[in-house]
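Written below as structure tokens is the structure these notes are about.
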Amino acid sequence: MSSQAFFPQPVYAPTNATVPRVLLAPPKYVQGPGVLAQSGRYCSMLGYARVGILASARGHSAEAGQVFAALKAADIDSVAVVFGGECSKQEIDGAVAALTEQQAEQKAEQQIDALLAVGGGKCVDAGKCVAYRLGVPIVIIHTLASNDAPCSAVAVLYTPDGVVNGAEFFPHNPALVVVDTKVVANASERYLVAGMGDAMATWFEAKVCLDNPQARNVVGSRPTLAACAIGEACAATLFADGEAAALAVREKRVDDALERVVEANTLLSGIGFESGGLAAAHGLAEGYTALPEVEHNFLHGEMVGMGVLTQLALQGDTGQARKVSEFFARIGLPIHLGQLGLSANDEDALGRVAQGAMGFAPIHNLPFTVTAEKVYQAILEADALGQAVAADVGDSTYQRVQASA
Ligand SMILES: [Zn+2]
0 MSSQAFFPQP VYAPTNATVP RVLLAPPKYV QGPGVLAQSG RYCSMLGYAR
50 VGILASARGH SAEAGQVFAA LKAADIDSVA VVFGGECSKQ EIDGAVAALT
100 EQQAEQKAEQ QIDALLAVGG GKCVDAGKCV AYRLGVPIVI IHTLASNDAP
150 CSAVAVLYTP DGVVNGAEFF PHNPALVVVD TKVVANASER YLVAGMGDAM
200 ATWFEAKVCL DNPQARNVVG SRPTLAACAI GEACAATLFA DGEAAALAVR
250 EKRVDDALER VVEANTLLSG IGFESGGLAA AHGLAEGYTA LPEVEHNFLH
300 GEMVGMGVLT QLALQGDTGQ ARKVSEFFAR IGLPIHLGQL GLSANDEDAL
350 GRVAQGAMGF APIHNLPFTV TAEKVYQAIL EADALGQAVA ADVGDSTYQR
400 VQASA
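At position 63 of the sequence shown the residue is numbered 62 (numbering that gives the first Met the number 0), and the sequence of numbers has no breaks.
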């Protein structure tokens with residue numbers, strides 16, 4: 000059991016004198032159609048004889064049920080724990096208590112060797128927190144390609160009401176990340192599209208950190224060229240294959256475009272954000288969670304996508320802003336405030352978003368002084384651009400994607 004919070008910066012960058020370059024990544028990543036059925040083999044390879052499975056009640060009767068069967072076929076025992084839907088301290092404590100109680104009745108040789116989290120972003124983040132407290136490795140079986148959570152050694156915590164409530168860091172990345180693209184193809188288009196909003200932020204935020212010698216990545220160190228190259232490949236993949244991948248999900252089939260975009264959304268974005276570094280796009284996403292009407296109705300990647308457009312406005316990069324806004328419109332991400340149920344006249348709400356973004360430390364990786372006023376103005380500029388793009392291309396794609404989940 001580990002009750003000690005882990006902080007990476009005192010390990011990797013204890014002084015400001017010499018800040019090393021640090022790359023973090025999961026040691027193993029497996030992606031493909033049908034790989035869920037092989038999860039028993041992967042766990043055998045890692046030497047696990049008994050594991051916990053954290054999944055929602057729905058997940059236990061769906062994907063986690065398939066994992067359970069695959070483990071059984073590989074002679075691996077498992078014990079189920081239900082995830083209630085929010086990555087909150089309350090839920091994490093509840094899952095730890097349930098597993099601890101269950102384990103107390105078992106002999107030493109029947110203790111779990113690892114925890115498997117089977118589900119979306121909040122489930123996998125909760126799984127990281129639970130596994131750390133239990134002192135066992137975490138295996139992530141991601142059922143949506145909707146965000147950059149699976150590969151990192153960090154979890155975002157929320158209040159029970161869904162407002163961002165800090166982050167937790169871990170000394171290890173997940174021991175294994177598994178993404179079954181057949182499962183992704185059968186999920187709604189909106190999840191894949193949201194994942195592209197999250198993944199598009201990777202390069203624009205990593206580039207800020209690469210170019211600014213004062214900037215630090217998520218663990219407080221300088222980014223490596225490798226992490227930035229991964230971030231750049233991520234953006235290039237989305238522009239090249241994003242629309243085709245969304246079409247594949249609409250038609251519930253796996254093709255190369257979908258494989259490439261799932262990898263961009265999960266592996267490239269995951270390594271890219273953690274080791275490349277963050278900036279304003281994720282700060283804006285955090286700011287939007289302060290508005291319950293946005294937090295409850297929109298996905299992390301949709302808020303990050305809006306954040307990318309605001310960051311580019313802050314940077315004054317109108318060329319990239321238009322290119323990204325047009326791409327987002329083509330795949331159906333929100334590009335203006337109206338699509339988030341807000342308007343440029345909502346001074347109070349937008350002020351809270353700007354203040355929330357200012358509370359996100361990596362926003363200061365930008366190479367100039369960032370103020371709430373500048374963020375507020377950038378939100379309005381991005382909105383005006385989004386309105387213009389939507390007027391050109393219409394918003395039927397956005398409406399269809401929103402209706403898909
Ligand atoms: Zn993200």
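Glycine is no exception: its CB is placed at the ideal position from the N, C-alpha and C atoms.
Computed from a predicted model, the values in this text were never measured in an experiment.
Distances from the CB of N146 to the heavy atoms of ligand 1 include at least one below 7 Å. Within the DSSP secondary-structure output, Y397 pairs in no beta bridge. Looking at the backbone, the Cα of A328 and that of A245 are separated by about 13 Å. Contact annotation: the region 285 to 304 touches the region 352 to 370, with at least three C-beta pairs closer than 8 Å. By the Cβ criterion, the region 214 to 224 is in contact with the region 268 to 286, since at least three pairs of Cβ atoms, one from each stretch, lie closer than 8 Å. Distance from the CA atom of G300 to the CA atom of A263, rounded to whole angstroms, is 13 Å.
The three-state reading of DSSP puts I52 in strand, counting E and B together. Leaving aside the five residues that flank K71 on each side, the residues in its chain whose CB is nearer than 8 Å to its CB run, in chain order, G39 and S77. For the set A48, V129 and V18, the Cα lying nearest the Cα of D74 is the one of A48. Assignment of E250 by DSSP, reduced to helix, strand and coil, places it in the coil class. Excluding sequence positions up to five before and after G194, its CB lies within less than 7 Å of the CB of A144, S145, N146, N264 and G300, all in the same chain and listed in chain order.
For P149, the closest of F169, V177 and Y157 by C-alpha to C-alpha distance is V177. In this structure P333 does not touch G282 by the C-beta definition: roughly 17 Å separates them, more than the 8 Å allowed. If the five residues before and after D382 are omitted, its C-beta is found closer than 7 Å to the C-beta atoms of H335, L336 and A343, all from its own chain and listed in chain order. F168 has its CB no nearer than 7 Å to any heavy atom of ligand 1. DSSP, read as helix, strand or coil, puts Y47 in coil. By a beta-carbon distance limit of 8 Å, V138 does not contact A94. Their separation comes to about 15 Å. When the alpha-carbon of L22 is set against those of K322, F272 and A174, the nearest one is in F272. Closest in alpha carbon position to K206, among L298, R189 and A225, is A225.
A Cβ-Cβ separation of about 5 Å places L175 in contact with K27 under the 8 Å criterion.
Secondary structure of S77 (DSSP, three-state): strand. For G385, the enclosing alpha helix (DSSP H) starts and ends at A371 to V392. Exclusion of the five residues before and after Y375 leaves L349, G350 and A353 as the residues of its chain whose Cβ lies within less than 7 Å of its Cβ. Assigned with DSSP and collapsed to three states, N164 falls in strand. If only uninterrupted beta strand (DSSP E) runs of at least 3 residues are considered, those enclosed by the region 1 to 39 are 28 to 31. Its chain contains A247 as the residues whose beta carbon lies nearer than 7 Å to that of D254, once the 5 sequence neighbours on both sides are disregarded; these appear in chain order. DSSP links A154 through a beta bridge to E167. Nearest C-alpha to E85 among A228, G126 and I378: G126. Q105 has its alpha-carbon roughly 16 Å from the corresponding atom of V135.
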